[in-house]
Each structure stands twice: as C-alpha cells, then as structure tokens.
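Worksheet for the structure shown next.
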Amino acid sequence: MGFWGKYRNDYAQIARLGLPILVGQVGMIVVGFADNIMVGRYSTQALASASFVNGVFNTAIFACIGFSYGLTPLVGALFSQGRRTHIGGLMRTGVFVNILFALLVSLLMGVLYLNVDRLDQPEELLPIIRPYFRLYLAGILPLSMFQVFAQWSWGIKNTAMPMWIILGSNVINIIGNWLLIYGNAGMPELGLQGAGISTLTARWLAAIVIAGIFFFKKSNQEYRDGFRSTPISWSTVKQINVTSWPVSLQSTMESASFSIVALMAGWLGALELASFQILIVISTLGFCIYYSIGSAIAVLVSNETGLGNRSGTRRVAFAGYHIMLLLVVTASLLIMILNRHFIAAFTEDAAVITLTSTLIFPLLLYQIGDATQITFANALRGTSNVMPMLWIAFVSYVVIGIPASYTLGFTAGLGLYGLILSFSVSLFSAAAFFLYFFLRTTREKKPRTIVRTDAL
C-alpha cells in the first residue's frame, strides 16, 4: 500500500469532520475581524481597550473551552462502542461540572476586575475598559455551556450542527455591532460597550439553541433518555475531572502566556497595544483553522482508542499533520500577500499601520510551531492520556515562554518585535514535547488510556 493509499481514508474523515468546524472557526474569525474593524474605526482608544480586555479574557475563555474538551475523548470512545444512552448520562454530569467550573472562573475574573487599575494600563483607557470587562464577564457561563454541547456533537461526529449555530450567532453579533457601536437605526451610540452587549447576546443565544437541539430534537432521544435517567455520580465527576483539568490548565497556561505578552505590550504604550491587537486577530486566521483540524484529529483518535487500535491512532494523527502543514503554507501565503490590506482594514492610524506591518515575519515564523503543537496536543487528548499536558504547558509557556518574552522584548531591546518573536520559542518547545508523549503513549500494545469508559 502506497503513501496515498495508507492515509486516504483518514484524510477524507478528517476533512469531513474538520470542514464544518473550520467553517465555524472562519465565521468566528470574520466576527473577530468585524469587531475589531468596527471598534478600531470608532477610535484607537477603543481598539487598545478591546486589546487589553480580550487578551486578559482569552485566559478565562480558553480555560473554559479546554475544560469542556475533556468530554471529547469520553464521548468519542463511547460513540465508537455504540453506547449512546451512556453518552447522555455523561452529558448530565458534564453540564453540572462545567457550570461549576465556569462560575469559578467568573469569580476569579471578578476579582481581577476589582484590581484592573493595578495592571499598569494607560490611565485614559480605564473608563472604556471597565464596562467592556463587565460584559465579557457575563458571557463566560453561556460560552462554557455552548462548548459542552459542542463537544457532545463533535464526539458523535456531527460537527455541522455547532457550525450553523456559530455562523448564526456571528451574524447577530455583527448586526448588533453595527447598531450599538455607532448608534445606527435609532439605537444609542455605545462604542466599545455596544460591541460587548452584542457579543454577550450572541453567546446566550448560541447556548440556548444548541441545548434546545439536544433536549428537543427527536433523533437525540437516546442521549436525552440517558441524560434524564442517569444521576450525577462521583465516579463520573472524577473521570471528567481527570480528562478536563489537564486540558484546561494546558489551555490556560498557553493563553495566559499570550495575555501576559499583551500586558507587556501595554507597558510599551497605547500604540503598541493597538498594533498587538491587530496582529493577534490576524494570527487567529491560522490558529482557528489549525484548531478545527486538531479537533477532528482528537475525535478520530478517541474513536480508535475506544477500539484499542494503536496503529490507527498514529495513522490518524499523522494524516492530520499532513493536512495541517498544507494549511500552514496556505495561511502564511495569505498573510504575506494580504497583510497590509488586513492591517488597513482595522485602522486609519498611519503609525499603527506602519508598526504592525514590521511584525509579519515573527508572526509567520511561529505558525509551524503552533500547528505542530495543536496537532499532537489534540492527538494526545484523544488518547485520554492528558496528564503530561500539565507539565508540558508549564515548562513551555511559563518556564520558557514568559522569560523569553521579557528577555527579547525588553532586555534585548527588541520591543514589540521581540514580544511576537518569543511566541516561537514557547510554541516550538511545546510541539516537541507533545509529539514525544504522543509517540510514547501509542508505542504500547494498546493505546494508553487513563479513563475506563466501561465505568461510565
């Protein structure tokens, strides 16, 4: 069997599962672009304030998303075994546990809000930051609930349904921005606060719709029966925590390292902070595309793990990596060719445009590291052997990444260029560790799993 014959079926499955996630992610990119374009054209101060709040909340958001990702290998393994009622029971406990986690994250972010004036941001931005911060805080719970039901849908290989909900909520978000940022159609002109209200509304609608589909769509009867008939049990809570906390903490430490860099960019000034925000939004073009394929890899690896197929787990992971490398080249070419058009769409400030355009090379450099660590982090997640993700994230993003950011940005005097360049250091380190542990986990006769689905 040749190279193409070996991977052909996996390419097709990854594309079929990943494409709807990709469309949904691209829709989120469009909304991110629309938010920042609308806010940036409202004022540079609003754009800089959005950069700070978005950067800080990325940590909270990725913590909640990462925690929900702990359900994916469990749902995927049960689905490959045909245990649909058990999936419903798992979801009941999953919803309960994720609500508690979202409330905990909200409490921590509330404490941060009370101390936002101590984070050394430009004084003139604080009156804009505070109301936007409160609105983002109110959106943590609905975002978490949407993600829980999205993991269920992805785990049963229905990736299209969350995609349509995301696209619909994105349309609502954009319309809300148009109405509330500028005060169109007789609505009040609220600036950045208007963008926050629009985002909060879209998140609650998305959560309500996807939960409604789970509870009321006829074809989901088996899942619904399991949800209603299965009590919340300590053993299931424990198993969800075993797979969820490491993934959440890994996501938290990764996003926290980026958020700390956003804080460092704020130390350089409002101009650098606005430029950093534009660059990060552009970089999501690559990240969201990569993560859509990574999510498909996690689902398919979990299916193979549920069947005890060691060779299948590796084959799926490397088929996904081939697709990922192709996407890296495509995304990088788009950024290289269209970077000035992207930047000019966000702001008319010539100083911001000039500064941002000098940062494209370090942005492109870390795309390969980002794609590689996403591939094998998700492959490792699919095996349920998630405990190594904790120390990998700590070493790569905290021990290596944060000092590298400060050293390159300030000690070496490279400023914002050095801060962006430091992302390559942490991401390539994480990529090497994730690859090693995935290969180690799947080297055994059967894929190692720390979760017994027969106990669910």
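Be aware that the sequence shown starts at 4, since it is given in my numbering, and climbs by one per residue.
Ideal Cβ positions, reconstructed from N, Cα and C, are used throughout, including at glycine.
Nearest-angstrom Cα separation, counted from isoleucine 168 out to serine 260: Numbered from its first residue, the sequence shown carries residue 260 at position 257. Numbered from its first residue, the sequence shown carries residue 168 at position 165. A direct Cα-Cα distance of roughly 30 Å separates serine 260 from isoleucine 168.
Close Cβ partners of leucine 128 (< 8 Å) along its chain, the five nearest in sequence each way excluded: Numbered from its first residue, the sequence shown carries residue 128 at position 125. Answer for leucine 128: Gln48, Ala51, Ser52, Phe55, Ala273, listed in chain order.
From Ser251, Gln242, Ala353, residue whose alpha carbon lies closest to that of tyrosine 72: As a first step, residue 72 is located in the sequence shown; it is residue number 69 there, counting from the start. Sorting Ser251, Gln242, Ala353 by C-alpha distance to the C-alpha of tyrosine 72 places Ser251 at the top.
For arginine 384, three-class secondary structure by DSSP: For this step, residue 384 is matched to residue 381 along the sequence shown. In the structure shown, arginine 384 sits in a helix (DSSP, three-state: H, G or I).
Whole-number beta carbon distance between isoleucine 296 and glycine 323, since they are thought to touch under 8 Å: Sequence index remark: in the sequence shown, residue 323 carries index 320 (1-based). Sequence index remark: in the sequence shown, residue 296 carries index 293 (1-based). With 8 Å as the limit, glycine 323 and isoleucine 296 qualify as a contact, their Cβ atoms being about 6 Å apart.
Anticipated Cβ contact below 8 Å, isoleucine 143 with methionine 112, distance rounded: The residue labelled residue 143 in the question sits at position 140 within the sequence shown. The residue labelled residue 112 in the question sits at position 109 within the sequence shown. Indeed they touch by this definition, with Cβ atoms about 7 Å apart.
Given leucine 74 as reference, the closest of Ile159, Ala63, Val29, Ile184 once Cα atoms are compared: If you number the sequence shown from 1, residue 74 lands on position 71. The candidate whose alpha carbon is nearest that of leucine 74 is Ile159.
Beta carbon of threonine 308 nearer than 8 Å to that of serine 238: The count along the sequence shown starts at 1 and reaches residue 308 at position 305. The count along the sequence shown starts at 1 and reaches residue 238 at position 235. No, Cβ-Cβ distance for threonine 308 and serine 238 is not below 8 Å.
With 16 other Cβ atoms within 10 Å as the buried cut-off, status of threonine 361: Stepping through the sequence shown from its first residue, residue 361 is reached at position 358. Result: exposed.
Three-way DSSP call (helix, strand, coil) for serine 54 in this model: Taking the sequence shown and counting its residues from 1, the one referred to as residue 54 is at position 51. Helix, per DSSP.
Anticipated Cβ contact below 8 Å, tyrosine 400 with serine 429, distance rounded: Along the sequence shown, read from residue 1 onward, the residue named residue 400 stands at position 397. Along the sequence shown, read from residue 1 onward, the residue named residue 429 stands at position 426. With a Cβ gap of about 5 Å, tyrosine 400 and serine 429 count as contacting.
CA nearest to the CA of alanine 198, picked from Met41, Ser432, Asp123: Within the sequence shown, numbered from 1, the residue matching residue 198 stands at position 195. If we check each option's Cα against that of alanine 198, Met41 comes out closest.
Proximity of methionine 267 and glycine 372 at Cβ, strictly below 8 Å: Working through the sequence shown from its first residue, we reach residue 267 at position 264. Working through the sequence shown from its first residue, we reach residue 372 at position 369. Contact: no.
C-alpha distance - serine 262 paired with isoleucine 405, whole-angstrom precision: Taking the first residue of the sequence shown as position 1, residue 262 is located at position 259. Taking the first residue of the sequence shown as position 1, residue 405 is located at position 402. Spanning the two alpha carbons is a distance of roughly 10 Å.
Own chain residues within Cβ distance below 6 Å of glutamine 150, not counting five before or after: Mapped onto the sequence shown, residue 150 falls at position 147. Cβ neighbours of glutamine 150 within its own chain (closer than 6 Å, five residues either side excluded): Ile68, Ser71.
Integer-rounded CB distance, given that proline 165 should sit under 8 Å from arginine 384: Numbered from its first residue, the sequence shown carries residue 384 at position 381. Numbered from its first residue, the sequence shown carries residue 165 at position 162. Arginine 384 to proline 165, Cβ: 18 Å. No contact.
DSSP three-state assignment for lysine 221, whether helix, strand or coil: Counting from one through the sequence shown, the residue named residue 221 turns up at place 218. Helix, per DSSP.
Nearest-angstrom beta carbon gap, phenylalanine 217 and tryptophan 155 [assumed within contact, 8 Å]: Taking the first residue of the sequence shown as 1, we reach residue 155 at position 152. Taking the first residue of the sequence shown as 1, we reach residue 217 at position 214. Between tryptophan 155 and phenylalanine 217 the beta-carbon gap is near 7 Å, inside 8 Å, which marks them as a contact.
Residue span of the alpha helix (DSSP H) that contains phenylalanine 82, given as start and end: For this step, residue 82 is matched to residue 79 along the sequence shown. Where phenylalanine 82 is concerned, the enclosing alpha helix (DSSP H) starts and stops at 74-83.
Exposure of glutamine 224, with buried meaning 16 or more beta-carbon neighbours within 10 Å: Start at 1 with the first residue of the sequence shown, and residue 224 comes out as number 221. Result: exposed.
Coil, strand or helix - aspartate 352 by DSSP: Position 349 of the sequence shown, counted from the start, is the residue given in the question as residue 352. Aspartate 352: coil per DSSP, three-state reduction.
Sequence-distant residues of the same chain with beta carbon closer than 6 Å to glycine 289, five excluded per side: Here residue 289 corresponds to residue number 286 of the sequence shown, with the count starting at 1. Within its own chain, the residues whose Cβ lies closer than 6 Å to the Cβ of glycine 289, once the five positions on either side in sequence are excluded, are Ala334, Gln370, listed in chain order.
8 Å Cβ cutoff met for isoleucine 213 and alanine 153: Looking up residue 213 in the sequence shown gives position 210. Looking up residue 153 in the sequence shown gives position 150. Closer than 8 Å, so yes.
Sub-8 Å separation of alanine 434 and threonine 375 beta-carbons: The residue labelled residue 434 in the question sits at position 431 within the sequence shown. The residue labelled residue 375 in the question sits at position 372 within the sequence shown. Cβ distance < 8 Å, so alanine 434 and threonine 375 count as in contact.
Spatially closest choice to valine 398 from Tyr116, Leu303, Gln253, by CA coordinates: One-based indexing of the sequence shown puts residue 398 at position 395. Minimum Cα distance to valine 398 is reached at Gln253.
Contact belief for alanine 183 with leucine 170 at Cβ below 8 Å, rounded distance in angstroms: In the sequence shown, counting from the first residue as 1, residue 183 sits at position 180. In the sequence shown, counting from the first residue as 1, residue 170 sits at position 167. Rather than alanine, the amino acid found at residue 183 in this sequence is leucine. Wrong, their Cβ atoms sit about 21 Å apart, outside the cutoff.
Nearest-angstrom Cα separation, counted from threonine 62 out to valine 108: Reading the sequence shown from its first residue, position 105 is the one you call residue 108. Reading the sequence shown from its first residue, position 59 is the one you call residue 62. A direct Cα-to-Cα measurement between valine 108 and threonine 62 gives close to 10 Å.
Whole-angstrom distance between leucine 93 and glycine 229, CA atom to CA atom: Counted from its first residue, the sequence shown places residue 229 at position 226. Counted from its first residue, the sequence shown places residue 93 at position 90. So the two alpha carbons sit approximately 8 Å from each other.
Selected residue, minimal CA-CA separation from arginine 86, among Ser201, Arg443, Leu310: By one-based count along the sequence shown, residue 86 stands at place 83. With distances taken between Cα atoms, arginine 86 lies closest to Leu310.
Burial state of proline 450, where buried means 16 or more other Cβ atoms lie within 10 Å: As a first step, residue 450 is located in the sequence shown; it is residue number 447 there, counting from the start. Because the pLDDT at proline 450 is just 45, under 50, the model does not fix this residue reliably, and the value given afterwards should be weighed accordingly. Flag for proline 450 reads buried.
Reference valine 174; option with closest CA among Leu303, Val29, Gln84: Translated into the one-based positions of the sequence shown, residue 174 becomes position 171. If we check each option's Cα against that of valine 174, Val29 comes out closest.
Residue from Thr378, Leu208, Val355 whose Cα sits closest to the Cα of leucine 328: Residue 328 sits at position 325 when you count from the first residue of the sequence shown. It is Thr378 whose Cα lies nearest to the Cα of leucine 328.
Pick from Ser286, Phe104, Ser425, Ile177 that is closest to leucine 336, judged by C-alpha positions: Here residue 336 is taken as the residue at index 333 of the sequence shown, counted from 1. Of Ser286, Phe104, Ser425, Ile177, the residue nearest in Cα terms is Ser286.
Under 8 Å between C-beta atoms of aspartate 38 and asparagine 180: Translated into the one-based positions of the sequence shown, residue 38 becomes position 35. Translated into the one-based positions of the sequence shown, residue 180 becomes position 177. Yes, Cβ-Cβ distance for aspartate 38 and asparagine 180 is below 8 Å.
Residue closest to glutamate 126, alpha-carbon to alpha-carbon, out of Phe349, Trp270, Ala301, Gly421: For this step, residue 126 is matched to residue 123 along the sequence shown. For the residues Phe349, Trp270, Ala301, Gly421, the minimum Cα distance to glutamate 126 belongs to Trp270.
Beta-carbon proximity of arginine 95 to threonine 233, cut-off 8 Å: Within the sequence shown, numbered from 1, the residue matching residue 95 stands at position 92. Within the sequence shown, numbered from 1, the residue matching residue 233 stands at position 230. Yes, the Cβ-Cβ distance between arginine 95 and threonine 233 is below 8 Å.
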